[in-house]
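Undergrad: Just so you know, the protein sequences line up as chains A and B, in that order. Residue 681 in my numbering sits at position 183 of the first sequence, with consecutive numbering throughout. Residue 135 in my numbering sits at position 87 of the second sequence, with consecutive numbering throughout. Handing you a structure now.
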Amino acid sequence: MIATIRSEWRKLRFRPAFFVSAGLVTAITALVYFLSWYQALHPSTGDRGAVNILTLFPDQFVNQVMGAGAVGAIYAGSEFSWSTLKTMFTQRPGRLTVWAGRVVVFSLWMGIMAVALFVAGAALSTVVALFQGHAITWPAGIDIAKGFGVIWLIFVVEGAIGLGLGVLIRQSAAALGAGLIYLLAVEIIAVRFIDSINSGAYQWVGNLFVGQNATALTQSFTSPAFGRTIAPAISAEHAVLVLAAYGVGLMIVAAGLLRLRDVT
Amino acid sequence: MRLTTTRPATPSVIVMENTSTTIVETHGLTKRYGSGVLAVDSVDMSVRRGEVYGFLGPNGAGKTTTLRMLVGLIRPTSGAATVAGHAPGHPSGLARIGSLIESPGFYPYLSGRENLRVVADLARVNQKRVDEVLDIVELSTRAGRKFGTYSTGMKQRLGVAAALLKDPDLLILDEPSNGLDPQGMAEMRKLIKDIGQGDRTVLLSSHLLGEVEQICDRVGVISNGKLVTQSTVQELLGEEGVLVRAQPIEQAQEVLTRIYGAAAISRQDGAIHLKTKPENSVEINRQLVGAGIGVSELRLFERSLEEVFFQLTGEKQGS
């Protein structure tokens, strides 16, 4: 197992997807920060689209970076090649050991992406604070740790969707496309439809989707600066359980497919 | 030989344990794909330790599918197989097998050396071995270049290097000369010959008859998924003989039949094929000339592997 992890890490550290997804996460964070900053400095006449400048300072950066980077995670997960699997599966370890090594290193990779996101958020919030002449204070360590855990979990689950689709479709570009279409369109439409049936009688089904739980979990990190008053419909505990189930379930299904399928 | 059933996921596959001199043995090995295509049909194949075994067949005959089954990449629909003393794909067996199946699968963004290091980690091989195998395939000077920039020949060489990392007892090479230019093919042949020296067994699939004839001790010929023959190259080529062209041909045949018997003689394309040692050519000539027959051609007759191959596979030469 150690050998498998070492091998996976050796090939991962120079993998373009590693840098692209980390760059994507950082770029999205920067875009969100700068657009929000612009909006905060140029408020519209109504409440719509108003951004409180206080949300962009370092003490709020954990709340601010929530929700970025899903695209990067899917991209990372869907990076898959059957021709190299052929080489890997004909060495010493069994298929499940190879897969377990990949999952461990992938989870580590998602941790590094979460670090990239946090570093970007902290740096950008510092830039905003310096320009605005605001004091630089940081969130409590426990809040940073919780925030990091949530982001990592969301990345792993969204990455697992990419991994699962990569194994299922055996084609990374198609897996990436399918993953994005699912998260950005199919799931949203499905949840809206389910919520609308029978006056919301089946809302609990909608509450089992990945996007709903990821959103609820990020919204659980709130502060008065964001002006949020309505509590999310899904509790943070529920969201963590559902997301963890998705992550584990997808990894197991992908492992089963790898174990049973012919490598042609 | 003792039969035991293993791998519950494939109930129809029986694994044979044996202590004989064979390193690969299959019985009734069959692969039928979901689409109904019968890719490999009841193949009984045995590869002996230390030999270079040529697995011959036209494109689409089932060579690659058979080799994929032997390394555990695909599961047989039915049949039995033992490779390096274990079921195909068993980690203990894989530890003793090096393989290059079809095209080499490596990471294009890593250098040749880094790719081998990834494989060495996975195979639990000392990293020092990476430079040794790069030397063997003569890629050391270009090992720092990214795999994606390699020529076809370099990719094939790297594939062979990866297969050699474990210093395997059994080396399975699937069409290693594919895509190589004539010089590359000659170099690959030399490399395989060198690798096949000593105790190591090489199982080489190819549709290049000249390659197999030059390198291999024994061959198996597969056609339409069936193994149609398995023997030494010499056995396959059959006895040598003498080809005679003479006038009048009927009279020449009478003379030769009288001396060598009817069983030794056959007629083909206006010539007489005589099963006898080439050293008898002088005597044959003397007898024919003595009988007043004009001899226009008298030479060693030897079937080529190509002729045998086309005969066995039922394919037409030049088609």
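Each residue gets a CB set at the ideal place from its N, CA and C atoms; glycine is no exception.
(1) Tell me which residues of the segment 581-611 of chain A have at least one Cβ-Cβ distance to chain B shorter than 7 Å, keeping chain order.
(2) Would you list, in chain order, the members of the segment 165-184 of chain B that have their beta-carbon closer than 9 Å to a beta-carbon of chain A?
(3) Where Thr197(B) and Met236(B) are concerned, what is the direct C-alpha to C-alpha distance, given to the nearest angstrom?
(4) For Ala319(B) versus Arg293(B), is the C-beta distance shorter than 8 Å?
(5) Is DSSP giving Thr130(B) helix, strand or coil here?
(6) Bridge partners of Leu77(B), per DSSP?
(7) Closer than 8 Å, CB to CB, is Val761(A) near chain B or not?
(8) I'd like to confirm the pairing. Which residues does DSSP put opposite Phe103(B) in its beta bridges?
(9) Please state whether DSSP places Gly342(B) in a helix, a strand or coil.
(10) Tell me which residues share the same chain as Glu99(B) and place their Cβ nearer than 7 Å to its Cβ, disregarding the 5 neighbours each side in the sequence.
(11) In three-state terms, what does DSSP make of Phe154(B)?
(12) Between Ala143(B) and chain A, is any beta-carbon pair separated by less than 8 Å?
(13) Please state whether the Cβ-Cβ distance between Thr102(B) and Ile263(B) is less than 8 Å.
(14) Quick one, which of Thr324(B), Thr277(B), Ala300(B), Gln316(B) has its alpha-carbon nearest Phe357(B)'s?
(15) For the segment 500-534 of chain A, list every residue whose C-beta sits within 8 Å of some C-beta in chain B, in sequence order.
(16) Helix, strand or coil for His138(B), going by three-state DSSP, please let me know.
(17) Against chain A, which members of the segment 207-238 of chain B pass a CB distance test of less than 7 Å?
(18) Count the other C-beta atoms from every protein chain shown that fall within 10 angstroms of the C-beta of Glu302(B), then say buried if there are 16 or more, exposed otherwise.
(19) So, is the C-beta of Phe154(B) closer than 8 Å to a C-beta in chain A?
(20) Determine, for Ser243(B), whether the minimum Cβ-Cβ distance to residues of chain A falls below 8 Å.
(21) Roughly how many whole angstroms lie between the Cα atoms of Ala621(A) and Leu170(B)?
(22) In angstroms with no decimal places, state the Cα-to-Cα distance between Leu118(B) and Val746(A).
(23) Looking only at DSSP bridge pairs, what is Ala294(B) linked to?
(24) Are the C-beta atoms of Pro139(B) and some chain A residue less than 8 Å apart?
(25) In angstroms, rounded to a whole number, what distance separates the CA positions of Leu142(B) and Gly599(A)?
(26) Over what stretch of residues does the beta strand (DSSP E) that includes Leu148(B) continue unbroken?
(27) Quick check on DSSP: helix, strand or coil for Gly631(A)?
(28) Determine the extent of the beta strand (DSSP E) in which Gln669(A) is found, giving its start and end residues.
(29) Can you pull out the residues from the segment 249-274 of chain B whose beta carbon lies closer than 7 Å to at least one beta carbon of chain A?
(30) Within a Cβ cutoff of 6 Å, which residues of the same chain sit near Leu221(B), ignoring the five residues on either side of it in sequence?
(31) If I measure Cβ to Cβ from Lys214(B) and keep anything under 8 Å in the same chain, skipping five residues before and after, which residues do I get?
(32) Starting from Gln282(B), follow its DSSP beta bridges and name the residues at the other end.
(33) List, in order along the chain, the chain A residues whose C-beta lies closer than 8 Å to that of Leu121(B)?
(34) Please work out which residues of its chain come closer than 8 Å, Cβ to Cβ, to Ser225(B), disregarding the five sequence neighbours upstream and downstream, and give them in chain order.
(35) Within its chain, find whatever has a CB closer than 8 Å to the CB of Tyr81(B); leave out the 5 residues flanking it on each side and keep chain order.
(36) Given that Ile149(B) touches chain A, what residues does it touch there, using C-beta distances under 8 Å?
TA: Taking the definition as stated:
(1) Ser581, Thr582, Lys584, Thr585, Met586, Phe587, Thr588, Gln589, Arg590, Pro591, Gly592
(2) Arg165, Val166, Val167, Ala168, Asp169, Leu170, Ala171, Arg172, Val173
(3) Along the second sequence, read from residue 1 onward, the residue named residue 197(B) stands at position 149. Along the second sequence, read from residue 1 onward, the residue named residue 236(B) stands at position 188. The alpha-carbon atoms of Thr197(B) and Met236(B) are separated by roughly 20 Å.
(4) Locating residue 319(B) in the second sequence gives position 271, counting from the first residue. Locating residue 293(B) in the second sequence gives position 245, counting from the first residue. Cβ atoms of Ala319(B) and Arg293(B): closer than 8 Å.
(5) Translated into the one-based positions of the second sequence, residue 130(B) becomes position 82. Strand, per DSSP.
(6) Counting from 1 along the second sequence, the entry for residue 77(B) is found at position 29. Val91(B), per the DSSP bridge assignment.
(7) Mapped onto the first sequence, residue 761(A) falls at position 263. Yes, Val761(A) lies at the interface with chain B (some Cβ there is under 8 Å from its Cβ).
(8) In the second sequence, residue 103(B) corresponds to position 55, counting from 1. In the DSSP output, where bridge partners are listed per residue, Phe103(B) has Ser253(B), Gly268(B).
(9) Reading the second sequence from its first residue, position 294 is the one you call residue 342(B). Note: Gly342(B) maps to strand in three-state DSSP.
(10) By one-based count along the second sequence, residue 99(B) stands at place 51. These residues qualify, in order along the chain: Thr249, Asp265, Arg266.
(11) In the second sequence, counting from the first residue as 1, residue 154(B) sits at position 106. Three-state result, Phe154(B): coil.
(12) Here residue 143(B) is taken as the residue at index 95 of the second sequence, counted from 1. So, interface residue.
(13) Along the second sequence, one-based indexing puts residue 102(B) at 54. Along the second sequence, one-based indexing puts residue 263(B) at 215. It should be pointed out that residue 102(B) corresponds to Gly in this sequence rather than to Thr. Cβ atoms of Gly102(B) and Ile263(B): closer than 8 Å.
(14) Indexing the second sequence from 1 puts residue 357(B) at position 309. Comparing Cα-Cα distances from Phe357(B) to each of Thr324(B), Thr277(B), Ala300(B), Gln316(B), the minimum goes to Thr277(B).
(15) Ala501, Thr502, Arg504, Ser505, Arg508, Lys509, Phe512, Arg513, Pro514
(16) Working through the second sequence from its first residue, we reach residue 138(B) at position 90. Three-state result, His138(B): coil.
(17) Ala210
(18) Mapped onto the second sequence, residue 302(B) falls at position 254. By the neighbour-count rule (16 or more Cβ atoms within 10 Å), Glu302(B) is not buried but exposed.
(19) Position 106 of the second sequence, counted from the start, is the residue given in the question as residue 154(B). Closer than 8 Å: yes.
(20) Against the second sequence, residue 243(B) aligns to sequence position 195. The question names Ser, yet the displayed sequence has Ile at residue 243(B). So, not an interface residue.
(21) On the first sequence, residue 621(A) is found 123 positions in, with the first residue counted as 1. On the second sequence, residue 170(B) is found 122 positions in, with the first residue counted as 1. If I take the Cα positions, the gap works out to 39 Å.
(22) Your numbering for residue 118(B) matches position 70 in the second sequence. Your numbering for residue 746(A) matches position 248 in the first sequence. Rounded to whole angstroms, Leu118(B) to Val746(A) spans 32 Å at the Cα level.
(23) The count along the second sequence starts at 1 and reaches residue 294(B) at position 246. The partner list for Ala294(B) (beta bridge, DSSP) reads Val343(B).
(24) The sequence position of residue 139(B) within the second sequence is 91, counting from 1. Chain A contact via Cβ: present.
(25) What you label residue 142(B) is simply residue 94 of the second sequence in a count that begins at 1. What you label residue 599(A) is simply residue 101 of the first sequence in a count that begins at 1. Approximately 18 Å between the Cα atoms of the pair.
(26) Position 100 of the second sequence holds residue 148(B). Counting along the chain, the beta strand (DSSP E) containing Leu148(B) begins and ends at 145-148.
(27) If you number the first sequence from 1, residue 631(A) lands on position 133. Coil.
(28) As a first step, residue 669(A) must be located in the first sequence, where it is residue number 171. Careful: Gln669(A) lies outside any beta strand (DSSP E) and carries neither H nor E.
(29) none
(30) Locating residue 221(B) in the second sequence gives position 173, where the first residue counts as 1. Closer than 6 Å at the Cβ level, and outside the excluded window around Leu221(B), lie Leu148, Leu252.
(31) Translated into positions along the second sequence, residue 214(B) becomes position 166. Hits under 8 Å: Ala143, Arg144, Ile145, Gly146, Ala171, Val173.
(32) Position 234 of the second sequence, counted from the start, is the residue given in the question as residue 282(B). In DSSP, Gln282(B) forms no bridge with anything.
(33) The residue labelled residue 121(B) in the question sits at position 73 within the second sequence. Correct list: Lys584, Phe587, Thr588, Asp760, Val761, Thr762.
(34) As a first step, residue 225(B) must be located in the second sequence, where it is residue number 177. Here the set comprises Gln204, Gly232, Met233, Met236, Arg237, Ser254, Leu256, Glu259.
(35) The sequence position of residue 81(B) within the second sequence is 33, counting from 1. So the qualifying residues of the chain are Ala87.
(36) Counted from its first residue, the second sequence places residue 149(B) at position 101. Lys584, Thr588, listed in chain order.
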